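Undergrad:
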Amino acid sequence: QVQLVESGGGLVQAGGSLRLSCAASGTIFSMNAMGWYRQAPGKQRELVATITTGGSRNYAESVKGRFTISRGNAKNTVYLQMDSLKPEDTAVYYCNADLTVYSREIYWGRGTQVTVSS
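Take a look at the structure:
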C-alpha cells in the first residue's frame, strides 16, 4: 500500500521561510510526477507546484519566484522550499503523487498546516 507522509509545516511570520518534505513509501512500479497542493479555509484545493520524473516544473502564478519544488536523491521524495511567505499562503499543504503500482493512480498525503502571521 502506498503512503505519502508530509512534514515541515508550522507557524512563521510574513517574510519567513519553511521547507516541506514528502516521502512516498510502499510498492511503487514507477513515479511519474509529484507535487504540492494547498487548501485554505473555505476555498477549493489548488495546485502549488509539480515536478515530473524528468525534472519539468510547474508553479502556480501566485508562488512563482518565491517557492521552489525539488526532488530528493531518493526518487520518491519531494520538497517545497517556501520563501518570502505571505499571510495568504496560509493553508493545509498536501503532497500529491502520480505513480504506477499495477495501474496509474493518484495518491494524496494527509496534509501539513502552514500558517503565516502578519
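Position one of the sequence shown corresponds to residue 496 (my numbering), numbered consecutively onward.
C-beta atoms are modelled at their ideal positions from N, C-alpha and C, and glycine is treated no differently.
Bear in mind that the values here come from a model prediction, so they are computed numbers and not experimental data.
(1) Flag this pair as touching only if the region 592-609 and the region 515-523 have three or more C-beta atom pairs under 8 Å; answer yes or no.
(2) Would you call the CB atoms of V543 and L580 closer than 8 Å?
(3) To the nearest angstrom, how far is it from the Cα of L575 to the Cα of G549?
(4) So, using beta-carbon positions, are A518 and T585 closer together than 8 Å?
(5) Measuring only the C-alpha atoms, how far is V609 from Y588?
(6) Could you check whether L513 and W603 sit closer than 8 Å to each other, using their CB atoms as the reference points?
(7) Just how far apart, CA to CA, sit V507 and I601?
TA: Judging by the given coordinates:
(1) yes
(2) As a position in the sequence shown, residue 543 is number 48, starting the count at 1. As a position in the sequence shown, residue 580 is number 85, starting the count at 1. No, the pair does not count as a contact, with Cβ atoms beyond the cut-off.
(3) Indexing the sequence shown from 1 puts residue 575 at position 80. Indexing the sequence shown from 1 puts residue 549 at position 54. Rounded to whole angstroms, L575 to G549 spans 17 Å at the Cα level.
(4) Against the sequence shown, residue 518 aligns to sequence position 23. Against the sequence shown, residue 585 aligns to sequence position 90. Against a cut-off of 8 Å, the Cβ pair of T585 and A518 comes out as no contact.
(5) Position 114 of the sequence shown holds residue 609. Position 93 of the sequence shown holds residue 588. Approximately 7 Å, taken between the alpha carbons.
(6) Start at 1 with the first residue of the sequence shown, and residue 603 comes out as number 108. Start at 1 with the first residue of the sequence shown, and residue 513 comes out as number 18. No, these two residues do not count as a Cβ contact at 8 Å.
(7) Stepping through the sequence shown from its first residue, residue 507 is reached at position 12. Stepping through the sequence shown from its first residue, residue 601 is reached at position 106. Answer to the nearest angstrom: the Cα atoms are 30 Å apart.
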